[in-house]
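Visitor: Under this note's numbering, the first residue of the sequence shown is numbered 1457, with each subsequent residue one higher.
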Amino acid sequence: MKNYFSMFMLVCFMAHMAMANPNPRLREILAKNNNFGIDFKQMHELISIKNQLEQYKKTNVKPTDEQMEKLLQSVNTIIKDNPLMKPFSGKIQQQIEKLKQSSN
């Protein structure tokens, strides 16, 4: 199981690097030619959400309810659009819920 997660994280990193690349043509090629069934744009968005959550934890800044709802809605949309990302999205969803409960 650990090997599958490692492979998934490698793919996540590749997706993140592909979307961070300044060359739009290369981004387009990488996004279209992956055999994993993962949308790199959505993966990049998930990584950005995860980084935001980590930033909230590090700075002890409590996000507003509106910000939390926006993050949760983004994750739910990604899960609905691509069920293959549910394992990774589910963890982020749980982190958002925990942060939401702790702020109340």
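Backbone N, C-alpha and C fix where the C-beta goes; we use that ideal spot for every residue, glycine too.
Just so you know, these numbers come straight off a predicted model, no measurement behind them.
Between which two residues does the alpha helix (DSSP H) harbouring Val1531 extend?
Guide: Residues Asp1521 to Asp1537.
Visitor: Taking the alpha-carbon positions, what's the Leu1509 to Pro1519 distance?
Guide: The alpha-carbon atoms of Leu1509 and Pro1519 are separated by roughly 9 Å.
Visitor: Where does Val1467 sit, in a helix, a strand or coil, going by DSSP?
Guide: Three-state result, Val1467: helix.
Visitor: Beta-carbon separation of Ile1503 and Val1531 under 8 Å?
Guide: Against a cut-off of 8 Å, the Cβ pair of Val1531 and Ile1503 comes out as no contact.
Visitor: Check Asn1507 in the structure and name its three-state DSSP category.
Guide: It is helical.
Visitor: Between Gln1511 and Met1541, which are expected to be in contact by the criterion C-beta below 8 Å, what is the C-beta distance as a whole number of angstroms?
Guide: With a Cβ gap of about 21 Å, Gln1511 and Met1541 do not count as contacting.
Visitor: In angstroms with no decimal places, state the Cα-to-Cα distance between Lys1536 and Lys1556.
Guide: Those two C-alpha atoms are separated by around 21 Å.
Visitor: Go ahead and pull the three-state DSSP assignment for Lys1518.
Guide: DSSP places Lys1518 in coil when its eight states are reduced to three.
Visitor: Is Glu1501 a contact residue of the ligand NAD, with contact defined as CB to any heavy atom under 7 Å?
Guide: With respect to small molecules bound, the structure shown includes none, and the ligand NAD cannot be examined in it.
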